[in-house]
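Peer 1: Please read through the structure below; I'll follow up with questions.
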Amino acid sequence: MTSRHTNPEQSLALEALERIDTVCMQFEEAWRSGDSPRIEDLLGEFQDRERRQLLFELLLIEFNYRTQQEPALSLFGYRDRFSGDSQTVDAAIERFSGVATHTPDVGPPHAVPQKIRYLGNYELLEEIARGGMGIVYK
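Numbering (my numbering), first residue to last: 8 to 145.
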């Protein structure tokens with residue numbers, strides 16, 4: 008589970024946070040059991056700030072599981088998937104990767120930004136090697 012303190016949203020009522028936590032725990036359990044649940048299916052009953060907070064939390068969980076399966080996954084595709092919630096998506100991408108979301112997702116694949124990047128709990132300092140099976144970072 009992720010920390011709500013990283014989201015720019017204002018604090019929510021305890022009951023709302025409990026509903027969000029329940030959905031997040033179910034979502035994460037589905038990922039652990041090998042399913043690939045859809046975030047869109049879980050947002051329906053939530054409105055406004057609660058919906059944005061839930062989306063933020065679910066995105067962080069999905070980013071974590073999907074990047075374990077696809078290390079080269081581009082998180083910026085989520086902007087199209089949730090085009091009406093671009094600020095929330097950008098906040099989640101920035102929180103998860105440590106990269107400012109205004110940076111375009113272009114350039115050679117071996118380029119490592121000058122700014123330190125984070126992938127989950129990992130700090131990417133520089134590229135060490137590259138091959139047919141992937142990239143090794145320090």
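Cβ atoms here follow ideal geometry from the backbone N, Cα and C, with glycine treated the same way.
Give the range of the beta strand (DSSP E) segment to which residue 130 is assigned.
Peer 2: 129-131
Peer 1: Mind checking who residue 144 pairs with in its DSSP beta bridge?
Peer 2: 134
Peer 1: What did DSSP end up calling residue 120 once you bin it into helix, strand or coil?
Peer 2: Because residue 120 sits at a pLDDT of 46, beneath the cut-off of 50, its placement in the model cannot be relied upon, and the following sentence gives the value as read from the coordinates. Of the three classes helix, strand and coil, the one that applies to residue 120 here is coil, per DSSP.
Peer 1: Mind checking residue 33: buried by the 16 CB within 10 Å criterion, or exposed?
Peer 2: exposed
Peer 1: Leaving out five residues before and five after residue 27 in sequence, what residues of the same chain have Cβ atoms less than 7 angstroms from its Cβ?
Peer 2: 57, 60, 61 and 64
Peer 1: Write down every uninterrupted run of the alpha helix (DSSP H) in the region 48-84 whose length is 4 residues or greater and which is fully enclosed by it, in chain order.
Peer 2: As far as the region 48-84 is concerned, its whole alpha helix (DSSP H) runs of at least 4 residues are 55-76.
Peer 1: State the Cα-Cα distance for the pair residue 94 and residue 101, rounded to the nearest angstrom.
Peer 2: The straight-line gap from Cα to Cα measures roughly 10 angstroms.
Peer 1: Is residue 132 buried or exposed, if buried means 16 or more other CB atoms sit within 10 Å of its CB?
Peer 2: If you draw a 10 Å sphere on the C-beta of residue 132, you find fewer than 16 other C-beta atoms in it, and that means exposed.
Peer 1: Near residue 74, which residues of its chain fall below 6 angstroms by C-beta distance, leaving aside the five closest residues on each side in sequence?
Peer 2: 80
Peer 1: How should residue 96 be labelled, buried or exposed, when 16 other C-beta atoms within 10 angstroms of its C-beta is the threshold for buried?
Peer 2: buried
Peer 1: Would you kindly work out how many angstroms separate the C-alpha atoms of residue 55 and residue 78, rounded to a whole number?
Peer 2: 32 angstroms
Peer 1: Can you list, in chain order, the residues of its chain with a C-beta nearer than 7 angstroms to that of residue 30? Leave out the 5 residues immediately preceding and following it.
Peer 2: 49 and 61
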